Amino acid sequence: MGAGDAPPPVRVDVLGPLRLVVGGKAVDVPGPKRRAVLVLLALAEGRTVTIVHLVDALWPAEVPESGRQALHTHISRLRAHLGPAAARLQTRQDGYLLDLVAGDLDVAHARSLVERARAVAREDAAGACALLREAHALWRGPVLADLTDIAPIATAVEGCAQLHREVTDALLACAIDAGQAHGVLALAATAHADDPLREPAVLLLMRALATTGQAPEALRTGREYRHRLAEETGLDPSPALGELERVIAAGSAGPARTRGRGSDAPVPARPASRLIGREVEVSDLHRLLTAERLVTLVGPGGVGKTRVADEVARRCEAPTTLLLAPVTDPSAIPHALAAALNLTVVQGDVLAACVAVLSDRRGPLVIDNCEHLLDTVRDTVEVVLAGCPDLSVLTTSRERLGLPAEYAFRLAPLPLPGADGDLPQVPSVAVFLDRAGRVRPGPPPTPAELRTVADIVRRLDGMPLAIELAAGRLSTFSLADLHDRLDRSLDLLGGGRPSADARHRTLRATIEWSYQLLSEDERRLFRHLAVFVDGVDVDAAERLAAELGVDGDPGSALARLVDTSMIEADVTGRTRYRMLETLRAFGLDRLAAAGEDETATASLIRWAVELTAWIGATMTTEREPEADAALRRELPNLRAAWRLVRDRRSLDDAAALVTALFDAVTYRDLVEIRGWAEELAEDPALTTHPRAGAVLGTAAEAAYHRGDYPRAERLARAGVERATENSDTWYCLLPLSVAALARGSYGEVIEHSLASAAIATEPRESLGIAALAAAYAGDPDRARTLNDQGLDGAVSPTMLAWGAYVVGEIESSSGRRDSAEEHYVRAIDLARASGATFLVGVATVGLLTVRADAGRVDDALRGYRDVIGYFARTSNWTHLWTTLRNLADLLRRLGDDGPATLITTAADNAPDAPAVDHSPAPEPPAALDPGAPLPSRADVLDVARQAIERNLKRP
């Protein structure tokens, strides 16, 4: 190479057998230790690797006297292998650096391709797929299979495996969204076969199968996964599987259209049933949403508002749909909106968090079934419109919201047939024929039959729901018999309850007619099922039937209700029965008319009390994940029961509900339930209630999770004073101990925790909390003893996770990073399995701290970026301040003192931040200039995120 010539390019490939390429030619690197040195230097990605680190990695048990000399020899040989690029391997003061630039290391190139794909995915799905295919092709076989006995390399191999899963998942999702599912179907099947219990791989294979027209095979895959997961682990899948199964079963995940540039989400596939006769309305509404901020689709129940709104949403980019039918409490609307946005808000203003997310969304917000919560919906929509200037909102309601910006679009019944014309082309007739063909397939109708159908739909005033219900009766009657009975039923019910809308009376008559076809037992069961706002599972439904004295097998009565279309059966997973909202409203009317509303309400409350008691008891056992799933599944019904309990001023039931959900308050980010506890604690009537101590203790725990430690202590101390049983005192001692821990009062923590453990009836977290206090106070031996005692007999995943987390904290404070990391990871895995989201968060923060201390700076920075994003999205500032403080320690070690000082100062002055930082700083942090204003929380987050990105890009 002549003077001034550029050195040849160097490439190190680790995503398979190690490969060194210099100047376009492969170079053999002999010897496992020399190859290991090259891998360790390459994986540092341009950072110095210390001699100590290299020697410890090569000889982990005992370094020979000649170890450093042997390392120097390997470095010299590597320079010889690099040849004209030998200058790339540089000697630094305390180690060595392999100078690699962008594209020189395949694993770094893979990460870069993934980031680029994510950046362009919204605008160019096909381009993103191409980038992800390129990234996926970088894997050439088993990663560094001959070097996995080197601990740091084994860790890196695990990271490469995780990256491979991320690349594969991203490629599959992108290809499916872009209409390229056929090209990745084999890859999806391979990914599932490689790890059949990994749920993301299962979901992606199911999506690929459904999108390529193989819905039955997709559903079979889901069933097999559900069975295998239960058989091999005893766990249930996440709700995402059931939701996808429902979508596929409904036909809404069929072959997708190719997505073009500018799309923000997959184009939804054709729904299970055709929307007939509404093309003009759908087009008009779609046009209106481009010009109007708020459009309300107005019409009577059963006219098809929901189905039309669904179709409008399907033709929009990235819509958000909020279903209000199961919501009965106006205060729950923000929580329901958060759920629709897949947003967990554990602290602060829930609606404000939703508005912040919606402001970045392109698609419209669709709010369905507003009429029963009109005032609160009006206020909510007003806030959303003010905070999201580029957002359009489509609502459905039986009456207008009454906002100045509202455009009311009235949806009329389907057009009716005239005296002559092409009857099958008339929308109301076409709907009847379409539904009838599903119930009773056969030859096309004769002209005489078409005239009978035309008369039926006229009698039903073109109301879609009434037409569908009538067509469903063809499973029982001939068309002529149906016509005759419908005529007599309408005459009979013509003088029913008055209504200002004749079409509404007709719809009610149609439902009444179907209702009268039931036996008295079936009608009574239907009425009592109507109190469940979000359906009910098969066990509860059969138990209700038995309590009502239904003759024969309860399952037969339920099957009859399903067959007559009075309820719907969702058979994905465990069977669950639901009602259309119009039918549920009818059932509630009939319940009141029969004088059974009080009895049914009492039954719902009793169900809720019994269910929460089971949840509370089961959460302390190995079946905790099952209880967590039940809690999350039944939350809408529990919400309705809670509001009924409060409206009836039933303190016994309210106290039973709240105290049974203590573990949900403590370990699950279900902020709504925490709100119930604090609401009940403020009730003056609670003062003399025998469970006042337990209620106040539960409310204290809720206040602690909001970061209000003084209130938590006040409530807990008041609870201790009012407790009449040791079991109720226990509820108060736990929040007293954790509040004291946040203040750094370790002696107080141990006192409260030991008192709590002494009266606990089963292994709980109290001794673990005492162990944390001992560890933070500098007594790790006592901490280990206390935690071992606390773990003795623990069986629930959360208690086992708590014990593992405490061990991680003890080991971390003792400087034993590898052991700490192992226990943090175990805690996170167990907590995720049980749904203990709070514990996942705190254990993740600890894990990132030890990774940062171990020198895995980039891993820690990326982890902090994710955790800060999560806690910021959920407004969980108590955990966020701890995370930010730990990030500040890392930034300070990296020499980035300015952001570290700003973050630390903000945390020290935040009222909801823990008062004690247990991770010791190498030196006292600098302070902001005297008189400088404290940064806002938004400023703190911006500074933290910028510092993370800046340090990730450092040389």
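Letter by letter, the sequence shown follows residues 162 to 1116 in the numbering used here. Every residue, glycine too, gets a C-beta built ideally from N, C-alpha and C. Bear in mind that the values here come from a model prediction, so they are computed numbers and not experimental data.
- Message: Considering just the uninterrupted stretch of the alpha helix (DSSP H) at Asp700, what are its terminal residues?
- Response: Against the sequence shown, residue 700 aligns to sequence position 539. 699 to 708 is the span of the alpha helix (DSSP H), which, as asked, contains Asp700.
- Task: Classify Ile728 as helix, strand or coil using the three-state DSSP reduction.
- Result: Counting from 1 along the sequence shown, the entry for residue 728 is found at position 567. In the structure shown, Ile728 sits in coil (DSSP, three-state: anything other than H, G, I, E or B).
- Is it right to say Ala974 is buried, meaning 16 or more other beta carbons lie within 10 angstroms of its own, or is it exposed? Translated into the one-based positions of the sequence shown, residue 974 becomes position 813. Looking at the sequence shown, residue 974 is not Ala but Ser. Counting Cβ neighbours within 10 Å, Ser974 comes out buried, since at least 16 surround it.
- Would the segment 501 to 511 and the segment 530 to 539 be scored as touching if the rule is three or more Cβ pairs under 8 Å? For the pair of segments examined, the segment 501 to 511 was found not to touch the segment 530 to 539: the number of CB pairs separated by less than 8 Å stays below three.
- Among residues of its own chain, excluding the 5 on either side of Ala816, which ones have a beta-carbon nearer than 6 Å to its beta-carbon? The residue labelled residue 816 in the question sits at position 655 within the sequence shown. Hits under 6 Å: Arg852, Val856.
- DSSP state of Ser1129 mapped onto helix, strand, coil: This structure leaves residue 1129 out entirely; the chain is present only between 162 and 1116.
- Please go through the segment 520 to 588 and give each complete beta strand (DSSP E) segment of 3 or more residues, from N-terminal end onward. With a minimum length of 3 residues, the continuous beta strand (DSSP E) runs that stay inside the segment 520 to 588 are 526 to 529, 554 to 558, 567 to 571.
- Whole-angstrom Cβ separation of Arg196 and Val188, contact assumed at under 8 Å? The count along the sequence shown starts at 1 and reaches residue 196 at position 35. The count along the sequence shown starts at 1 and reaches residue 188 at position 27. In this structure, Arg196 and Val188 do not form a Cβ contact; the two beta carbons are roughly 12 Å apart against a cut-off of 8 Å.
- Item | For Lys1114, three-class secondary structure by DSSP | As a working note, residue 1114 is residue 953 in the sequence shown. Of the three classes helix, strand and coil, the one that applies to Lys1114 here is coil, per DSSP.
- Cα-Cα, which of Leu705, Asp397, Glu360, Glu406 is closest to Pro377? Residue mapping note: residue 377 aligns to position 216 of the sequence shown, counting from 1. Selected option, being the one with the closest Cα: Glu406.
- Count the other C-beta atoms from every protein chain shown that fall within 10 angstroms of the C-beta of His496, then say buried if there are 16 or more, exposed otherwise. Numbered from 1 along the sequence shown, position 335 holds the residue referred to as residue 496. His496 comes out buried.
- Query: What is the DSSP secondary structure of Gln251, reduced to helix, strand or coil?
  - Reply: Working through the sequence shown from its first residue, we reach residue 251 at position 90. Here DSSP, grouped into helix, strand and coil, assigns Gln251 to strand.
- Message: Which residue wins for smallest C-alpha separation from Ala278, given the options Ala296, Asp265, Ala269?
- Response: Position 117 of the sequence shown, counted from the start, is the residue given in the question as residue 278. The residue with the shortest Cα to Cα distance from Ala278 is Ala296.
- Query: Under the three-state reduction of DSSP, which class applies to Val173: helix, strand or coil?
  - Reply: Sequence index remark: in the sequence shown, residue 173 carries index 12 (1-based). In the displayed model, Val173 falls within a strand according to three-state DSSP.
- Item | Close Cβ partners of Pro1116 (< 7 Å) along its chain, the five nearest in sequence each way excluded | Counting from 1 along the sequence shown, the entry for residue 1116 is found at position 955. These residues qualify, in order along the chain: Gly207.
- Query: In the DSSP assignment, what residue or residues form a beta bridge with Thr457?
  - Reply: The sequence position of residue 457 within the sequence shown is 296, counting from 1. Paired residue(s): Thr556, Ala569.
- Is Pro1081 helix, strand or coil when you go by DSSP? Within the sequence shown, the letter at position 920 stands for residue 1081. Reliability fails at Pro1081, whose pLDDT of 42 lies under 50, so the model's placement of it is uncertain and no value is given.
- If you scan the segment 1016 to 1044 from start to end, which runs of the alpha helix (DSSP H) of 4 or more residues do you find wholly inside it? Qualifying alpha helix (DSSP H) stretches, in chain order: 1018 to 1034.
- Query: Does the segment 805 to 821 touch the segment 699 to 712, meaning 3 or more C-beta pairs lie closer than 8 Å?
  - Reply: Taking a cut-off of 8 Å for Cβ pairs, the segment 699 to 712 and the segment 805 to 821 do not touch, as fewer than three such pairs fall below it.
- Message: Given this structure, state the Cα-to-Cα distance separating Glu276 from Asn1112, to the nearest angstrom.
- Response: By one-based count along the sequence shown, residue 276 stands at place 115. By one-based count along the sequence shown, residue 1112 stands at place 951. In this structure, the CA atom of Glu276 is about 17 Å from the CA atom of Asn1112.
- Message: Is it the case that the segment 857 to 865 contacts the segment 831 to 841, given that we only count it when at least three CB pairs across the two stretches are under 8 Å?
- Response: Output reads yes: the segment 857 to 865 touches the segment 831 to 841.
- Is the Cβ-Cβ distance between Ser553 and Val456 less than 9 Å? One-based indexing of the sequence shown puts residue 553 at position 392. One-based indexing of the sequence shown puts residue 456 at position 295. Yes. Within cutoff.
- Three-state secondary structure (DSSP) at Ala1099? Here the question's residue 1099 lines up with position 938 in the sequence shown. DSSP, read as helix, strand or coil, puts Ala1099 in helix.
- Item | Exposure label - Lys466; buried when at least 16 CB within 10 Å | Residue numbering aside, residue 466 sits at position 305 when the sequence shown is read from its first letter. It counts as buried.
- Item | Minimum length 3: unbroken beta strand (DSSP E) runs contained in the segment 765 to 849 | Considered as a whole, the segment 765 to 849 harbours no complete run of any beta strand (DSSP E) with no fewer than 3 residues.
- Query: Going by the beta-carbon positions, is the gap between Val171 and Asp267 smaller than 9 Å?
  - Reply: Position 10 of the sequence shown, counted from the start, is the residue given in the question as residue 171. Position 106 of the sequence shown, counted from the start, is the residue given in the question as residue 267. With contacts defined by Cβ atoms closer than 9 Å, Val171 and Asp267 do not form a contacting pair.
- Task: Report the rounded CA-to-CA distance for Ala591 versus Leu822, giving the unit in angstroms.
- Result: As a position in the sequence shown, residue 591 is number 430, starting the count at 1. As a position in the sequence shown, residue 822 is number 661, starting the count at 1. Spanning the two alpha carbons is a distance of roughly 51 Å.
- Message: Rounded to the nearest angstrom, what separates Leu546 and Arg523 at their Cα positions?
- Response: The sequence position of residue 546 within the sequence shown is 385, counting from 1. The sequence position of residue 523 within the sequence shown is 362, counting from 1. About 14 Å.
- By how many angstroms is the C-alpha of Ala701 removed from the C-alpha of Pro715? Counting from 1 along the sequence shown, the entry for residue 715 is found at position 554. Counting from 1 along the sequence shown, the entry for residue 701 is found at position 540. It is roughly 11 Å from the alpha-carbon of Pro715 to the alpha-carbon of Ala701.
- Option nearest Asn154 by Cα separation, candidates Thr779, Val1101, Leu584, Phe747: Any question about residue 154 goes unanswered here, given that the chain covers just 162 to 1116.
- Message: I'd like to check one pair, Gly929 with Trp963: are the Cβ atoms closer than 9 Å?
- Response: Indexing the sequence shown from 1 puts residue 963 at position 802. Indexing the sequence shown from 1 puts residue 929 at position 768. If you check the CB distance, Trp963 and Gly929 come in under 9 Å.
- For the beta strand (DSSP E) holding Ala246, just list the boundary residues, first then last. Translated into the one-based positions of the sequence shown, residue 246 becomes position 85. In the DSSP assignment, Ala246 falls outside any beta strand (DSSP E) and carries neither an H nor an E.
- Task: Assuming Thr781 contacts Ser957 (C-beta within less than 8 Å), just tell me the rounded distance between them.
- Result: The residue you call residue 781 lines up with position 620 of the sequence shown. The residue you call residue 957 lines up with position 796 of the sequence shown. The Cβ separation is near 5 Å, so the contact holds.
- Message: For the beta strand (DSSP E) containing Val216, name the first residue and the last one.
- Response: By 1-based counting over the sequence shown, the position of residue 216 is 55. No beta strand (DSSP E) holds Val216; the alpha helix (DSSP H) holding it covers 212 to 219.
- Got a sec, what are the start and stop residues for the alpha helix (DSSP H) Thr613 sits in? Taking the first residue of the sequence shown as 1, we reach residue 613 at position 452. Residues 608 to 620.
- Item | Residue range of the unbroken alpha helix (DSSP H) whose run includes Val183 | Position 22 of the sequence shown, counted from the first residue, corresponds to residue 183. Val183 -> not in any alpha helix (DSSP H); beta strand (DSSP E) instead, spanning 180 to 183.
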